[in-house]
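Enquirer: In our numbering, the protein residues as written are 15 to 228.
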């Protein structure tokens, strides 16, 4: 796989992961309620759920590639629209990175093993993950770049390492302080808009590539 495609995939994955959602809210709540061990167990569970998403995506994409190759190209364009929507949401948002644990709900401290399983379930029930795997993930699997499973393994590794790099520090910081970006709302807004612009640029690039492939 070309390095430019891997960097582009990393940028998109990072933009998706840093958006507050079910996974992030669960990790923050687990760390705030149960401390560092609980927070890191939640991160591990979310990543384990991501592994399942990769496996399911590869199995489903294999059928699409075999039976409906034209549909595969249409998925590329649909993914471009979704990426652009994420970027536009970040550009418009004044507080995209201002996180609170309240959105995750309360609860009592759980054993790390229980938190791990709940984190995995949270990931498997996260609709954003399914949209990503169906609309964005296929754009980086090339028919002429080798076996689909080996490409998926590389992309999966990037996804899991990015999750660990983003969610790990959030879990550690959330176990000590509530609201990571509350003290610097302007910095969070600028960061969100920068990533939003990059995502829109990535959407244009992948959209043109998908259109030419049809």
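Where is the CB? At the ideal position from N, CA and C, for every residue including glycine. It should be emphasised that the depicted structure is a prediction, and the values quoted were computed from it without experimental measurement.
Touching or not, the region 158 to 177 and the region 60 to 69, by the rule of three or more beta carbon pairs under 8 Å?
Expert: yes
Enquirer: Ignore the nearest five residues each way along the sequence and tell me which others in residue 19's own chain have a CB closer than 7 Å to its CB.
Expert: Position 5 of the chain shown, counted from the first residue, corresponds to residue 19. Here the set comprises 154.
Enquirer: Rounded to whole angstroms, what's the CA-CA distance from residue 188 to residue 47? Just pull it up for me.
Expert: Against the chain shown, residue 188 aligns to sequence position 174. Against the chain shown, residue 47 aligns to sequence position 33. Looking at the two C-alpha atoms, the distance is approximately 9 Å.
Enquirer: Candidates 222, 73, 207: which alpha carbon is nearest residue 162's?
Expert: Within the chain shown, numbered from 1, the residue matching residue 162 stands at position 148. Comparing Cα-Cα distances from residue 162 to each of 222, 73, 207, the minimum goes to 73.
Enquirer: Which value, in whole angstroms, describes the spacing of the CA atoms of residue 99 and residue 125?
Expert: Position 85 of the chain shown holds residue 99. Position 111 of the chain shown holds residue 125. In this model, residue 99 and residue 125 are separated by some 38 Å (Cα to Cα).
Enquirer: Measure the alpha-carbon distance for residue 49 versus residue 134 and round it to whole angstroms.
Expert: To locate residue 49, count along the chain shown from 1; it is residue 35. To locate residue 134, count along the chain shown from 1; it is residue 120. Their Cα atoms are separated by approximately 18 Å.
Enquirer: Can you give the Cα-Cα distance for residue 230 and residue 22, rounded to whole angstroms?
Expert: The question about residue 230 has no answer here: the residues shown for the chain are numbered 15 through 228.
Enquirer: Can you list, in chain order, the residues of its chain with a C-beta nearer than 8 Å to that of residue 140? Leave out the 5 residues immediately preceding and following it.
Expert: Sequence index remark: in the chain shown, residue 140 carries index 126 (1-based). Same-chain partners within the cutoff: 35, 36, 37, 63.
Enquirer: Between 181, 144, 212, which lies nearest to residue 70 when the distance is taken from Cα to Cα?
Expert: Counting from 1 along the chain shown, the entry for residue 70 is found at position 56. For the residues 181, 144, 212, the minimum Cα distance to residue 70 belongs to 144.
Enquirer: In angstroms with no decimal places, state the Cα-to-Cα distance between residue 156 and residue 28.
Expert: For the purposes of this step, residue 156 is taken as the residue at position 142 of the chain shown. For the purposes of this step, residue 28 is taken as the residue at position 14 of the chain shown. Here the C-alpha atom of residue 156 lies approximately 21 Å from the C-alpha atom of residue 28.
Enquirer: If you follow the alpha helix (DSSP H) that residue 180 is in, where does it begin and where does it stop?
Expert: Translated into the one-based positions of the chain shown, residue 180 becomes position 166. First-last of the alpha helix (DSSP H) with residue 180: 162 to 188.
Enquirer: Cα-Cα, which of 151, 215, 158, 129 is closest to residue 166?
Expert: In the chain shown, residue 166 corresponds to position 152, counting from 1. Looking at the Cα atoms, 151 is the closest of the given residues.
Enquirer: Rounding to the nearest angstrom, what Cα-Cα distance links residue 130 and residue 24 in this structure?
Expert: Numbered from 1 along the chain shown, position 116 holds the residue referred to as residue 130. Numbered from 1 along the chain shown, position 10 holds the residue referred to as residue 24. Their Cα atoms are separated by approximately 25 Å.
Enquirer: Would you give the residue range spanned by the alpha helix (DSSP H) that residue 139 belongs to?
Expert: Counting from one through the chain shown, the residue named residue 139 turns up at place 125. Note, residue 139: premise wrong, no alpha helix (DSSP H); not H, not E.
Enquirer: Buried or exposed for residue 179, please, with buried defined as at least 16 other CB atoms from any protein chain shown within 10 angstroms of its CB.
Expert: Numbered from its first residue, the chain shown carries residue 179 at position 165. Label assigned to residue 179: exposed.
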